[in-house]
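Written out below as structure tokens is the structure these notes cover.
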Ligand code: PHE
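In the numbering used here, the protein residues as written are 119 to 468.
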């Protein structure tokens, strides 16, 4: 055999060997090893090029071409085999990892309105239907807005009613939403129907009191406003909020900024007046304070008391939620435990 024939048959043998190994490779990794072994940088087929040096000059180009053809054929076979192996490997992985693509996904927790927010929004919507619109005020109030303009003078015992957090000598964390009406009187002219709402602060904490809670207050200023209007408005509100015709009663009380003043009770929405643990067997539940705006408050804000009268009522929002949902401990509201909050989600659990 001539030199070129020897080299050609060697190449043929290598090609045959490599093709067999490509077909037999059990994995894409094993397949890659075949490539390295035969036509990688120092593979057998690549190495055979060295034999070219010993070939007669006229045989060199033909042999070089042949080597390249073999490499190309091996590469094509490799790509084909690799495709097949990869599909098999993915299928095997899917089986061994037991990935069931038909299983439903893991649902993400969906946030919801805090019950204090939803009760606030509900009350604002009910009063909105009576023509009341929303106002807000600062959480830190001067002594003037929180007390003096509301007819609670310095050193007056009425200040004891509201356990106050003082920020400094003349500023407090507002103890109620009533100062909002003073801000409004200074910037708007009657007739007025407004709702003041937001956080209020009192130095008090137990099963039914929080140092940081929320109030909602309704104010109506108009000509010829009477206790009958106040009672009608609150009765309508109670019916709309609790969704039942519950009796409302007024007990005489005292607030410096209203005269006359009353505490508002409504029939217990849980037992409908028969007596239960929420209403302490009395059949009635206190929901807030109210009264006709004291003319002294109007005078402070230069509102003509011979023309304008007003009524005001104020409710604790957590308290309204407690009554509506039968909650036993007011401290659950600020804890933000999702197991508690999730019970108020409409349209699905948290
Ligand atoms: N501001 C009073 C309080 O917090 C509630 C109230 C509002 C009473 C309006 C009468 C009229 O105690």
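Positions of the beta carbon are idealized from the N, C-alpha and C atoms, including for glycine.
Residue 359 is positioned such that its CB atom lies no closer than 8 Å to that of residue 268.
CA-to-CA, the gap between residue 167 and residue 141 works out to about 25 Å. When only Cα atoms are considered, residue 181 and residue 158 end up about 19 Å apart. Relative to the Cα of residue 297, the nearest Cα in the group 155, 418, 278, 207 belongs to 418. For residue 462, DSSP records no beta bridge to any residue. When DSSP states are grouped into helix, strand and coil, residue 281 belongs to the coil group. Distances from the CB of residue 294 to the heavy atoms of ligand 1 include at least one below 7 Å. For ligand 1, a non-hydrogen atom lies closer than 7 Å to the CB of residue 430.
Comparing alpha carbon positions, the residue from 131, 284, 299, 271 closest to residue 329 is 284.
Between ligand 1 and the CB of residue 409, the shortest heavy atom gap is smaller than 7 Å. Residue 289: member of the beta strand (DSSP E) spanning 289-291, first to last residue. In its chain, beyond the 5 residues on either side, no residue has a beta carbon closer than 6 Å to the beta carbon of residue 247.
DSSP places residue 333 inside the beta strand (DSSP E), whose first and last residues are 330-340.
Of the candidates 275, 223, 365, 365 places its Cα closest to the Cα of residue 387.
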